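Structure record follows, encoded as structure tokens.
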Amino acid sequence: MKTRIATAITLAAGTALVATPVLAEKANELTYINGSLGRDAEGQLRERGFAHVSTNKNSMGYVYSYWWDEGDDDCVQVEVYNGRVETIQDASDQDCGHHKGADAGAAVAAVAGAALLGALLSHKSNHHDDNKHLSNVEDEAHYERGYTDGLHNAPYHNSDRSNAYSNGYQSGVNQRNANLSHHTGRGGYQAAARFSDLQGARAAGGMDELYRRGFRQVDNFTSGNTRYSIQHNPSTNQCVQVTIADGHFYDLRDIGRHPKCS
Numbered sequence: 001m002k003t004r005i006a007t008a009i010t011l012a013a014g015t016a017l018v019a020t021p022v023l024a025e026k027a028n029e030l031t032y033i034n035g036s037l038g039r040d041a042e043g044q045l046r047e048r049g050f051a052h053v054s055t056n057k058n059s060m061g062y063v064y065s066y067w068w069d070e071g072d073d074d075c076v077q078v079e080v081y082n083g084r085v086e087t088i089q090d091a092s093d094q095d096c097g098h099h100k101g102a103d104a105g106a107a108v109a110a111v112a113g114a115a116l117l118g119a120l121l122s123h124k125s126n127h128h129d130d131n132k133h134l135s136n137v138e139d140e141a142h143y144e145r146g147y148t149d150g151l152h153n154a155p156y157h158n159s160d161r162s163n164a165y166s167n168g169y170q171s172g173v174n175q176r177n178a179n180l181s182h183h184t185g186r187g188g189y190q191a192a193a194r195f196s197d198l199q200g201a202r203a204a205g206g207m208d209e210l211y212r213r214g215f216r217q218v219d220n221f222t223s224g225n226t227r228y229s230i231q232h233n234p235s236t237n238q239c240v241q242v243t244i245a246d247g248h249f250y251d252l253r254d255i256g257r258h259p260k261c262s
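Residue numbers (full-length UniProt numbering): 1 to 262.
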């Protein structure tokens with residue numbers, strides 16, 4: 001009789017545990033951090049049990065960080081611009097480097113033949129235009145390969161003629177440019193002024209900043225709705241072409257030589 005009672009209690013306890021799972025804390029419960037300073041939001045996330053996993057910044061100045069709550073088995077993405085939190089939303093486990101069963105991350109490793117290197121994807125949700133990983137496993141694998149190639153400046157090699165690879169490659173190039181926004185594009189020992197970090201800036205403010213960095217406009221011309229400005233920096237002998245469209249710096253590049261850059 002005692003054995004039966006003990007067994008019943010054990011089963012009841014087990015049933016109670018199954019019936020009351022721990023609910024993960026989702027991003028919609030954390031929206032109170034929207035608008036707060038990044039450093040303040042970081043402290044609040046840590047207080048709620050989240051640990052920082054990774055951060056990347058795009059060429060427009062948006063910063064995306066990923067946070068993992070081990071206790072709740074949950075991953076969230078925090079978007080920051082100009083030092084303040086813009087949005088917080090749920091992210092996939094693979095964004096935080098955690099994979100369960102036959103999920104997309106593991107499938108990508110299998111398709112890409114990278115099982116020995118692990119299933120961790122180098123690109124994140126925010127690298128996709130819609131902020132979501134591709135639902136098709138093979139397409140996601142092609143995107144990851146393209147992203148890796150573009151990020152590391154490898155030759156474009158789309159042997160499968162995949163749109164996903166092409167999109168991933170461009171995303172990798174964009175991230176590489178963002179990572180190197182501090183670089184002038186020149187090597188050697190000669191001093192050079194930065195300018196690539198101004199891509200996407202408003203034209204008026206961007207021109208003022210170029211002036212502060214020692215550049216002077218020596219030529220300009222228009223083609224349709226696009227304006228081109230040639231900027232010369234006498235102290236560093238840099239000659240930069242600025243492409244302006246819709247009131248913003250669309251592209252900046254050192255063209256080396258120009259008749260008026262002397």
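C-beta atoms are modelled at their ideal positions from N, C-alpha and C, and glycine is treated no differently. Quantities reported herein were computed from a predicted structural model and do not represent experimental measurements.
A contact between stretches requires three or more CB pairs, one per stretch, nearer than 8 Å, and the stretch 181–196 fails this requirement with the stretch 122–136.
Residue pairing of GLN217 in beta bridges, as defined by DSSP: GLN231. When DSSP states are grouped into helix, strand and coil, LEU252 belongs to the strand group.
Spanning the alpha carbons of ASN237 and PHE249 requires a straight line of approximately 21 Å. In the three-state scheme derived from DSSP, where H, G and I count as helix and E and B as strand, ASN153 is classed as coil. Contact annotation: the stretch 76–96 does not touch the stretch 147–161, with fewer than three C-beta pairs closer than 8 Å. Shown here, GLU70 sits in coil according to DSSP, grouped into three states, outside any helix or strand.
ASN163: member of the alpha helix (DSSP H) spanning 163–179, first to last residue.
In this structure, the alpha-carbon of VAL173 lies about 24 Å from that of SER229.
Around the Cβ of LYS260, a 10 Å sphere holds fewer than 16 other Cβ atoms; the residue is exposed. For SER36, the CB contacts under 8 Å within the same chain, skipping 5 residues up- and downstream, are GLN44, ARG84, VAL85 in chain order.
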